[in-house]
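S.K.: Handing you a structure now.
In the numbering used here, the protein residues as written are 3 to 130.
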């Protein structure tokens, strides 16, 4: 057994934290790519259809506004959180910095609030 100095042990430990497990990372990246593409396409199609139908029928209901709001919030999460999740999934360290960490938590929280608002809206419409 080798006698390692404290600096060598710490250097080896730091290296193990940023080591990427290739197969796991590739599988997870593929799944996130699938979620990214389906979410991006689906939300853009919904926004396009709602805006097109609202323009043709000359009506702008609260349901349409809530649906577009939900799609925009979902797009923000997909565009920001999916790439960050892939970037951080390869290592055990957060490499994207404190501002990105705060932005991600804010976006995830605001999306949760939007989904809750949509649920409350549905309940109030159903039980009127």
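For every residue, glycine included, the Cβ atom is placed at its ideal position computed from N, Cα and C. None of the values given here were measured: they were computed from a predicted structure.
Does any C-beta atom of chain B lie closer than 8 Å to the C-beta of residue 105?
M.R.: Within the model displayed, chain B is absent; a lone protein chain is all it includes.
S.K.: So, is residue 75 buried or exposed, given that buried needs 16 or more other C-beta atoms within 10 angstroms?
M.R.: buried
S.K.: How would you write the range of the alpha helix (DSSP H) that residue 48 sits in, first residue to last?
M.R.: Here the alpha helix (DSSP H) through residue 48 covers 24–59.
S.K.: With distances taken Cα to Cα, identify the nearest neighbour of residue 81 among 43, 9 and 127.
M.R.: Among 43, 9 and 127, the Cα nearest to that of residue 81 is on 43.
S.K.: To the nearest angstrom, how far is it from the Cα of residue 87 to the Cα of residue 94?
M.R.: 12 Å
S.K.: Count Cβ pairs between the region 108–119 and the region 47–66 that sit closer than 8 Å; are there 3 or more?
M.R.: no
S.K.: Have a look at residue 25 and residue 104 and give me their C-alpha separation to the nearest angstrom.
M.R.: The straight-line gap separating the alpha-carbon atoms of residue 25 and residue 104 is approximately 29 Å.
S.K.: Buried or exposed, going by whether 16 or more other CB atoms sit within 10 Å of the CB of residue 73?
M.R.: buried
S.K.: Am I right that residue 83 and residue 109 are in contact with their C-beta atoms under 8 Å? What's the rounded C-beta distance?
M.R.: 6 Å
S.K.: Note down the Cα distance separating residue 3 from residue 31, rounded to an integer number of angstroms.
M.R.: A caution first: residue 3 carries a pLDDT of 48, below 50, which makes its placement in the model too unreliable to give a value.
S.K.: Quick check on residue 125: buried or exposed, where buried means 16 or more other Cβ atoms within 10 Å of its Cβ?
M.R.: exposed
S.K.: Quick check: residue 99 and residue 22, are their CB atoms within less than 8 Å of each other?
M.R.: Result no, Cβ atoms of residue 99 and residue 22 do not sit closer than 8 Å.
S.K.: For residue 41, collect the residues of the same chain with a Cβ closer than 6 Å to its Cβ; drop the 5 residues on either side in sequence, then sort them by chain order.
M.R.: 80.
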